[in-house]
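Each residue of the sequence shown is one higher than the one before, counting from 58 in the working numbering.
For reference, the structure is listed below as C-alpha cells.
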Amino acid sequence: MGGWDWWLNSDAGLFTRTIIGAAIFAFLAAGTFKTIDQAQRKVCPSYTVFEPQAETRSVYDTLYELYRKIYFEFGRPAAGSDFGNVLPQLIQIARGADKSE
58 MGGWDWWLNS DAGLFTRTII GAAIFAFLAA GTFKTIDQAQ RKVCPSYTVF
108 EPQAETRSVY DTLYELYRKI YFEFGRPAAG SDFGNVLPQL IQIARGADKS
158 E
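Right under this line is the structure:
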C-alpha cells in the first residue's frame, strides 16, 4: 500500500465521522433527505449500547485497578515494583468466574 492509499487508510478512523457528516449535509443540499435526523438514520452505522451489570461491577473494578497498576508500573524502574500480586489476583478472579458459569 503506498501513496494516497496508505494515507487514507491510516486516517480512516479520524475522517470517518467527518466524511459521514459531509455526506449527510450533501444529501440535505441535494434534497435526498429533509432533516439531519432522517439522514443520520439512513447513513450512519447502527450501534449498540452495553450497560454494565451490577453483579459484575466489583470484578471489573478490581480488574481496572490491576490494569492501572500494570500500566503505570511499566514506566518505572524494577526496584520497588508492585507486580507481585497481579497474577495471583487475576487467577483468583478467573477461578471465581469459572464457578459462576
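C-beta atoms are modelled at their ideal positions from N, C-alpha and C, and glycine is treated no differently.
Since the model is a prediction, treat every value here as computed from it, not as a measurement.
### Message
Which of the three DSSP states is assigned to SER115 in this structure?
### Response
Against the sequence shown, residue 115 aligns to sequence position 58. Annotated three-state conformation of SER115 is helix, per DSSP.
> Among residues of its own chain, excluding the 5 on either side of ARG98, which ones have a beta-carbon nearer than 7 angstroms to its beta-carbon?
Replying inline: Within the sequence shown, residue 98 is the residue found at index 41, counting from 1. Cβ within range, chain order: n/a, list empty.
**Prompt:** Based on Cα-Cα distance, which residue from GLU130, TYR124, LEU120 lies nearest to ALA154?
**Reply:** Counting from 1 along the sequence shown, the entry for residue 154 is found at position 97. Selection GLU130, TYR124, LEU120 evaluated against ALA154 yields LEU120 as nearest (Cα-Cα).
Check your understanding: Between the segment 98-113 and the segment 74-82, do at least 3 Cβ pairs fall closer than 8 angstroms?
Key -> Counting Cβ pairs under 8 angstroms, three or more are found: they touch.
Worksheet item: Does DSSP put GLY78 in a helix, a strand or coil?
Response: Taking the first residue of the sequence shown as position 1, residue 78 is located at position 21. Helix at GLY78.
| query | Any idea what DSSP makes of GLU108, helix, strand or coil? | reply | To locate residue 108, count along the sequence shown from 1; it is residue 51. Residue state, collapsed to three classes: coil.
- prompt: First and last residue of the alpha helix (DSSP H) that includes LYS91?
  reply: Numbered from 1 along the sequence shown, position 34 holds the residue referred to as residue 91. First-last for LYS91: undefined, no H or E at that position.
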